[in-house]
Amino acid sequence: MAAEGRGMTAPAHPAPLMINRCMRCATLLAPLTASCPSCRGSELRAVPSSGAGSIVSWKVADRRPGEPCGGSAPAAVGIVELDDGPRIYTWIDGEVPAGTDRDVRVEFRPTAEDGRFPVFAVSPARRPS
Numbered sequence: 243m244a245a246e247g248r249g250m251t252a253p254a255h256p257a258p259l260m261i262n263r264c265m266r267c268a269t270l271l272a273p274l275t276a277s278c279p280s281c282r283g284s285e286l287r288a289v290p291s292s293g294a295g296s297i298v299s300w301k302v303a304d305r306r307p308g309e310p311c312g313g314s315a316p317a318a319v320g321i322v323e324l325d326d327g328p329r330i331y332t333w334i335d336g337e338v339p340a341g342t343d344r345d346v347r348v349e350f351r352p353t354a355e356d357g358r359f360p361v362f363a364v365s366p367a368r369r370p371s
């Protein structure tokens, strides 16, 4: 996939979304967490996430990060609960249906700043219960 206007392409096999594991109590935490809320441990180690989850809540935002005002259609920002456990704040790609229980999977968009930005794409159908 190419980032329009930037001439950058995503790697064929992008690295997985990384989350944190508390080394004291093994709790899985969101990527930008500085310490464990369960045991107050500060030694965290990055571990790969499955990248799958479900939408907990979402809201339409005026624009995506880095785009000028009026530059494109509105986008959705939301809270995704990863199948691995932690909840993260993120951008959501695709039209979000009325129910917030839709499955999503992480995808990475190339950026000029650090090379990649995680967004979650809405899956076409719900997982069987």
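Counting from 1, position 61 in the sequence shown corresponds to residue 303 in our numbering; the numbering is continuous, with no gaps. Every residue gets a Cβ at the ideal spot worked out from N, C-alpha and C, and that includes glycine.
Rounded to whole angstroms, the separation of the alpha carbons of SER284 and ASP325 is 23 Å. CA-to-CA, the gap between ALA317 and VAL346 works out to about 15 Å. Rounded to the nearest whole angstrom, the CA to CA distance from MET265 to PRO328 is 16 Å. Across the set ILE321, THR275 and ALA303, the C-alpha of ILE321 shows the shortest separation from the C-alpha of ILE297.
By the Cβ neighbour-count rule, CYS278 is buried, with 16 or more other Cβ atoms within 10 Å of its own. In the structure shown, the three-state DSSP call for GLY295 is strand.
Pairing ALA294 with ILE261 gives a Cβ-Cβ distance that is not under 9 Å. Going by beta carbons, ASP335 and VAL364 fall inside the 9 Å limit. Per DSSP, the beta bridge partners of GLU323 are SER296 and ARG329. Close CB contacts of LEU271 within its chain, under the 6 Å cut and outside five residues either way in sequence, are with ASN262 and PRO328 (chain order).
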